[in-house]
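Chains as they are written, first to last, in my numbering: chain A, 20 to 408; chain P, 543 to 911; chain X, 119 to 363.
Using N, Cα and C, we set each Cβ at its ideal position, and we do this for glycine too.
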Ligand SMILES: Nc1ncnc2c1ncn2[C@@H]1O[C@H](COP(=O)(O)OP(=O)(O)OP(=O)(O)O)[C@@H](O)[C@H]1O
Ligand SMILES: [Mg+2]
């Protein structure tokens, strides 16, 4: 009797769950059917076909910044890749700069000097409470109102900053330079093994080696040595004033700089907060216990504080990288030729293939996001504390 | 007898404080001096520009400024101060957009009522809180009637709306609509019905994986494609749809964090008392989870509030959009910094206020437990 | 007897708050000293001055004939010889039990890993939990964690051990297992300074009892004297409170 009743209850619950789910699927199916039908009808009426053939048609517009060769006769597909590369370029540069700035500010926020601490605090509050779009536009405006090319600000003799961007010497790689690069790569691999070897050796004998010092020395000085050995196979093409503009060298355009400053200054404020809270999350007791054991302060930092702080810092740091990457889509506001601006904007207007193009653009961002989250989850699983702490 | 006095006894608190915080070592002292110089330079530069050398209503000759050619900095070579009159002259636009001047009082009424509608949600120890909450629920209808119009009030189409009105409208309405949606998403994501769960997961992760601007574009170009011919949502409504969906995904994640923090024992206790799923959720789980989740929810709201500025890219005139419009007006062009600083300041006040509130809640949560 | 710790007119301030007032204390090799007193009386601060987790501002602290000053070399040397056990264990949550214990031997004493791990196992056996070696601190009970913390200190082979309320964060049933380890340590002749309110432990182990109040050592006596015939009224009051409860 009792058992029968229980069984019935479980059974009931299952049927209910099944019912709800069937209902949900049903509603979704009807919705999707209606929308698809309506969309097909609307598209037909406007004479817009569906399909991805348009990708192979000439795009017909120019893109100001491109990492790969591109002109207006190239296809929309190529325009897509140009945009994607520009998006990735600004994202990588932005994350790099934001990380450096963010860690710096985060550490200053913990400084024992009250003024430094509070200057950093003011920076954080002012940048993270103002829309990033506004900041990008503001920095871009400042860049556009720098002196004209003729009166460029000269930085370190070879860099010229003006309202057309930053002109800098362009490196020209001559024959032996690949060997210099090669030696650098060899050194990086070599030091990786050297590090493992020295660690093993320490485990066996107890003797400690300044591994970091040795390795950075090798990585820095070997290529320099090879560089001189090969007869200095690197020259610079310096920008020179010709008429109204610079000739030669290379230029970093104000659109790129505006994006770079906007994204990294904004994101750095958030990163600094994660860094700060990561470091203070390691309790005072951890430092005291290590001191009581007689560990030196650099070891305490390396073996106790940093490993624990990183666990707290890395997950929010990754989501800041994700945010920065997504915010790089704001390039459209100042004409930075990223994915959304070129492919998602101009291509869309020219072809009218709204659905296809938005689908491609969104899947691209989604893929980038998923890849980054995937690696973050892996990392998180690997470093999780065991047990309850 | 060895003297029992603190070496600091003769000195005052300020001395002790500055010794510890500003001059604890010689490096620290150098840093203090550098910081002071920095603050002095930046401070005087900014204050001179923004206040002491700035034009407000009149220029340095005492003439009333009616266009940019009257700004002191455009008349005299040595003058660099800000020319704030662009803000004063265009104040109506910054606050209401292209809302008819004679109808602006309607917006003002709503601006005045908004704090009353919010206060009941924000502070749980408020006297007569019930009444305030009733008002909160009535507010959207009042706001719709006042802003859009209806019997007795002329209709003001949304394409006339702009400035702070649009920013606040998108922010507040987006958050209000996203809230219930996000609760269902969060519960769905934790449900043990695989189909419901996967729909919620896919929705949340999709929204969080793409930039808001692509959602705005999609809503802008695709909504009309999806819907029957007669139905043509206006631009503001399209943006609102995108903003709401966007916010609901982020809020759902914040709420999920709160749900995860509720110990399993709470559910078991409720179930053993005979409460069913909805009762358990409504009476036991959600009240606790939401309390924990409110600080992160507020943080997503700050994010959304800033992100409403993106609608200028699809051609709406929010605060920043109105600012840009002002700059493209020939009579006022080139006063970039005045406009951007002003708009930043408004955003800052709202966002900083919200972040203080979230901090206050976090502190309260800690002391309550 | 050889004196290993000497405190002479030690004074300390936190800002303008006078925590330690003219503390005089001499500890001989092998002595066990139990320190008690009301909360906030400066017990922790005093023993934390001995391994320089806190710096004193006046007076002298001499450990093993080395005076504690700002000299980092001296501080390092003293910390190597003085172990400390904390109320909150302070184990390193990211390291396994055996790594927690072998960390200092490897990085401070520069021992080979194998050897350090052998030492770690010896001390784990001593605190009776060798089977927990591969676990992480978060997976152990409070009593086990505190015993790992003791083993971690012992692995540096110190000749003085400081204990700051080692059992007050523990559930009653775990207190005994930790006290047993400490009693064993005392029997082996370790010099110990123990801040604790476990009066049973004090009676079995202590050579000297110290009562502190408001930053001063109010009373110092053998356990016999201290419990049966306390001199100061404050000690009497304190004892009546702690023993009746
Ligand atoms: N870092 C610090 N800064 C300022 N004051 C402190 C600091 N550490 C301790 N104090 C103060 O010094 C006094 C003595 O602290 P201490 O921790 O030594 O007391 P205790 O006798 O160990 O007390 P308990 O039994 O509660 O552990 C207390 O009033 C405490 O508030
Ligand atoms: Mg204490």
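Which of helix, strand or coil does DSSP assign to residue i?
| i | result |
| --- | --- |
| residue 613/P | coil |
| residue 77/A | strand |
| residue 248/X | helix |
| residue 307/A | helix |
| residue 142/X | strand |
| residue 256/A | strand |
| residue 264/X | helix |
| residue 177/X | strand |
| residue 264/A | strand |
| residue 282/X | strand |
| residue 659/P | helix |
| residue 171/A | coil |
| residue 95/A | helix |
| residue 883/P | helix |
Considering only residues of the same chain and omitting the five flanking positions on each side of residue i, which have a CB-CB separation below 8 Å?
| i | result |
| --- | --- |
| residue 242/X | 215, 216, 219, 248, 250, 251, 266 and 269 |
| residue 228/A | 217, 220 and 221 |
| residue 376/A | 362, 363, 366, 367 and 370 |
| residue 823/P | 729 |
| residue 140/X | 127, 128, 129, 177 and 334 |
| residue 610/P | 616, 625, 628, 873, 874, 875, 876 and 877 |
| residue 895/P | none |
| residue 76/A | 94, 95 and 370 |
Would residue i and residue j qualify as a contact pair, given that the criterion is a beta-carbon distance under 8 Å?
| i | j | result |
| --- | --- | --- |
| residue 348/A | residue 856/P | no |
| residue 179/A | residue 265/A | yes |
| residue 167/A | residue 253/A | no |
| residue 793/P | residue 724/P | yes |
| residue 109/A | residue 341/A | no |
| residue 311/X | residue 145/X | yes |
| residue 301/A | residue 121/A | no |
| residue 314/A | residue 226/X | yes |
| residue 82/A | residue 356/A | yes |
Excluding the five sequence neighbours on either side, which residues of its own chain have a C-beta within less than 7 Å of the C-beta of residue i, listed in chain order?
| i | result |
| --- | --- |
| residue 685/P | 652 |
| residue 659/P | 677, 678 and 681 |
| residue 285/X | 293, 296, 297, 314 and 316 |
| residue 720/P | 786, 789, 790 and 793 |
| residue 112/A | 279 |
Residues in its own chain within less than 6 Å of residue i by CB, not counting five upstream and five downstream?
| i | result |
| --- | --- |
| residue 254/X | 214 |
| residue 547/P | Reliability of the predicted coordinates at residue 547/P is poor, the pLDDT of 47 falling under 50, and the value obtained from them is presented with this limitation in mind. None. |
| residue 246/A | 199 |
Taking 7 Å as the line, does the beta carbon of residue i fall inside it for any heavy atom of ligand 2?
| i | result |
| --- | --- |
| residue 185/X | no |
| residue 814/P | no |
| residue 130/X | no |
| residue 283/X | yes |
| residue 161/X | yes |
Run the proximity test for residue i: is its beta-carbon closer than 7 Å to any non-hydrogen atom belonging to ligand 1?
| i | result |
| --- | --- |
| residue 158/X | yes |
| residue 738/P | no |
| residue 312/X | no |
| residue 155/X | yes |
| residue 240/A | no |
| residue 205/A | no |
| residue 135/X | yes |
Just checking my contact of residue i with residue j at CB under 8 Å: how many whole Å lie between their CB atoms?
| i | j | result |
| --- | --- | --- |
| residue 331/A | residue 296/A | 7 Å |
| residue 181/A | residue 271/A | That pair is no contact at about 11 Å. |
| residue 163/A | residue 326/A | Rounded, the Cβ-Cβ distance is 45 Å, inconsistent with contact. |
| residue 354/A | residue 155/A | Actually they are not in contact, since the Cβ atoms of residue 354/A and residue 155/A sit about 11 Å apart, beyond 8 Å. |
| residue 731/P | residue 798/P | 6 Å |
| residue 845/P | residue 854/P | About 17 Å; that fails the 8 Å criterion. |
| residue 158/X | residue 138/X | Actually they are not in contact, since the Cβ atoms of residue 158/X and residue 138/X sit about 12 Å apart, beyond 8 Å. |
(message) Under 8 Å, CB to CB, which of the residues in the region 242–257 of chain X have a partner in chain C?
(response) Protein chains in the displayed structure are A, P and X, and chain C is not among them.
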